[in-house]
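Numbering (our numbering), first residue to last: 14 to 681.
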């Protein structure tokens with residue numbers, strides 16, 4: 014990013030219809046092709062497609078905040094572009110200097126922290142409008158009003174800018190003066206659940222079950238934890254709502270399979286959760302018997318007359334009994350014994366199944382735990398033939414008349430031989446390459462279709478038709494199906510009704526690809542296009558809701574309905590975000606055993622709802638779920654330090670919150 018310097022012959026701002034020369038300068042000593050774009054209010058247009066000319070003339074027709082983007086690529090590059098850079102330019106006449114300065118309380122802050130902005134005017138009264146730049150988009154956060162200060166919650170990391178426009182209250186201009194101020198938002202360090210474990214040694218009915226979660230995060234951040242129990246029927250039970258307690262305990266009275274889901278998030282996070290983990294466990298009526306391992310001291314196969322030592326590792330129970338059952342040409346049965354090992358002397362060759370039964374001496378059934386293993390006894394030991402890997406140098410999808418090389422890696426035996434059988438579209442007979450020493454074959458399909466390649470391997474001295482085999486499938490076609498690589502559209506925090514939303518589809522083999530668009534609004538089909546070579550699409554939402562644009566692509570030689578499909582989902586909002594949230598108290602002095610009321614005021618949003626947390630004795634507790642009630646009242650019963658946290662969002666918003674405020678007070 015920014016490998017290209019963008020220079021202008023005139024400084025920003027300028028009046029419209031003036032000639033402005035834009036020049037791109039590369040920091041690299043190489044010949045490049047340049048493409049120029051101009052963007053304003055989310056709409057982009059191309060000033061020059063890729064050419065060697067590194068400068069253009071621009072005559073702006075309208076006032077506004079413009080973003081100039083330059084893409085550059087090397088002369089023989091196959092990429093869409095190799096370098097990219099952006100610069101801002103403002104068009105608009107400033108009649109007089111209305112803004113003296115803009116003050117912010119912090120130049121650098123973290124996500125979730127409040128930024129307080131104060132505009133110092135040269136005269137009053139005037140009107141103020143505020144814009145926030147996040148990434149490469151300007152979003153209005155407050156329309157014209159007489160407020161010369163605003164408080165906003167930082168939500169996105171990186172370099173951010175606030176643009177303040179002002180005008181006289183009687184002015185008919187879009188703005189009379191403007192100024193910008195920059196600030197840096199530091200990203201929150203990633204939250205990761207490092208460990209989620211059960212601290213109870215035994216998971217039994219009627220006993221207390223204790224679970225603890227360990228999280229990797231910054232020391233000065235407040236983490237909230239939520240624990241949900243899930244039973245074997247999929248029913249959910251909230252054991253603990255979001256709280257600062259990372260250890261949860263409860264008593265389970267029913268045996269069965271359970272899971273505990275832990276969700277953790279930063280108190281100021283915009284997400285429903287920043288990380289989550291799940292732990293599965295089984296609550297038993299008593300400590301069950303578990304066979305941890307059942308093995309032999311010698312690896313199969315072995316020859317006759319070999320002494321083989323069987324070993325069992327079993328947990329649980331009180332007085333364990335073991336039974337070793339050997340089924341085969343010469344069987345054996347130990348009966349129930351107390352030894353966790355057994356000596357087996359092999360007598361005859363063949364395949365044997367060895368079964369271990371384990372139970373407690375008080376159990377009346379055959380067994381409580383069972384495990385099996387299979388063992389081969391030979392007259393003479395031999396190593397089996399195995400196909401370890403099959404390598405296709407061009408993958409399993411190729412074009413007709415293209416040559417594919419297949420190589421086989423096999424192990425075992427003494428002197429291996431290889432055979433290949435190729436069939437097209439499930440033919441009964443195919444082309445066969447008889448057994449030979451070559452472990453590879455070249456295959457060139459002359460017709461489109463699905464080919465089956467069977468690979469057979471056997472030892473030179475084997476009496477069987479084959480010792481090992483494998484099958485791979487290869488598809489040969491006249492063309493490569495279309496693949497949608499990217500769908501480009503404006504990335505804005507808020508889309509409002511009336512915004513123009515352009516979409517551009519990026520595919521390989523672009524000139525051979527047809528594209529169709531289907532627009533759905535709140536689950537209902539609103540518009541559908543025919544297949545065409547046009548890779549651009551634009552729509553303007555008329556109402557709020559969920560807009561899903563389904564994009565279908567196929568090769569112009571394809572007979573399928575589509576080769577590739579991608580969806581983009583855009584949420585269109587009705588209002589601006591909630592800002593300037595403040596908590597107010599109805600009392601200057603708060604005493605114990607006396608009621609106190611806290612109310613919340615803010616700006617922005619629509620049908621706002623509120624959620625309250627109370628910190629008492631250094632523990633955060635949720636005291637009111639989201640509702641339209643913008644106040645909270647309670648009676649403190651102890652003299653201490655308290656905090657009230659109010660979260661606010663529009664009723665139609667699905668996020669955790671849009672804005673917040675914290676009020677700290679002391680009870681006397």
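Every residue gets a Cβ at the ideal spot worked out from N, C-alpha and C, and that includes glycine.
Counting the other Cβ atoms within 10 Å of the Cβ of residue 165 gives 16 or more, which makes it buried. Two segments are said to touch when three or more pairs of C-beta atoms, one from each, lie closer than 8 Å; by this definition the region 495-509 does not touch the region 420-437.
In this model, residue 402 and residue 453 are separated by some 12 Å (Cα to Cα). Around the CB of residue 608, fewer than 16 other CB atoms lie within 10 Å, so the residue is classed as exposed. Looking at the backbone, the Cα of residue 605 and that of residue 675 are separated by about 20 Å. In the structure shown, residue 169 falls within a coil segment according to DSSP collapsed to helix, strand and coil. A direct Cα-to-Cα measurement between residue 501 and residue 550 gives close to 10 Å. Taking 9 Å as the cut-off, the beta carbon of residue 585 is found closer than this to the beta carbon of residue 560. Just measuring C-alpha positions, the residue of 595, 622, 498 sitting nearest residue 578 is 498. For the set 568, 626, 391, 287, the Cα lying nearest the Cα of residue 526 is the one of 568. Ranked by how close their Cα comes to the Cα of residue 34, the residues 28, 69, 62 have 69 in first place.
Rounded to the nearest whole angstrom, the C-alpha separation of residue 533 and residue 665 is 19 Å. Taking the C-beta atoms as reference points, residue 371 is found no nearer than 9 Å to residue 423.
At a Cβ-Cβ threshold of 9 Å, residue 195 and residue 127 do not count as neighbours.
By DSSP's assignment, residue 307 forms a beta bridge with 325. In this structure, the CA atom of residue 239 is about 6 Å from the CA atom of residue 253.
Within the DSSP bridge table, the entry for residue 658 names 626, 675 as partners. Taking the Cβ atoms as the reference, residue 182 lies roughly 12 Å from residue 134, outside the contact range of under 8 Å. Residues 413, 489 of the same chain have their beta carbon placed closer than 6 Å to that of residue 458, with the five preceding and five following residues left out of the count. Annotation: the continuous beta strand (DSSP E) that includes residue 50 extends over 45-53.
Put simply, the backbone Cα of residue 268 is about 16 Å away from that of residue 302.
Nearest neighbour of residue 311 by Cα position, chosen from 271, 336, 331, 358, turns out to be 358. DSSP places residue 119 outside both helix and strand once states are collapsed to three, so it counts as coil. Here residue 76 has 29, 104, 105, 187 as same chain residues with Cβ atoms under 7 Å from its own Cβ, once five neighbours each way along the sequence are excluded. In the three-state reduction of the DSSP assignment, residue 473 falls in the coil class.
Nearest to residue 285 by alpha-carbon distance, out of 670, 444, 531, is 670. Note that the C-beta distance between residue 612 and residue 591 is not below 9 Å. Across the structure, residue 203 and residue 115 are spaced so that their CA atoms are roughly 33 Å apart.
Here residue 523 carries a helix assignment [DSSP, helix/strand/coil]. Per DSSP, residue 62 is one residue of the beta strand (DSSP E) stretching across 56-64. For residue 125, the CB contacts under 6 Å within the same chain, skipping 5 residues up- and downstream, are 281 in chain order. No residue range can be given for residue 283, since it is assigned to no beta strand (DSSP E) and is classified by DSSP as neither H nor E. Taking the Cα of residue 588 as reference, the smallest distance to any Cα among 603, 621, 598 is reached at 621.
In terms of Cβ geometry, residue 680 and residue 603 form a close pair [threshold 9 Å].
Taking the CA atoms as reference points, residue 86 sits about 20 Å from residue 80.
In the DSSP assignment, residue 424 forms a beta bridge with 399.
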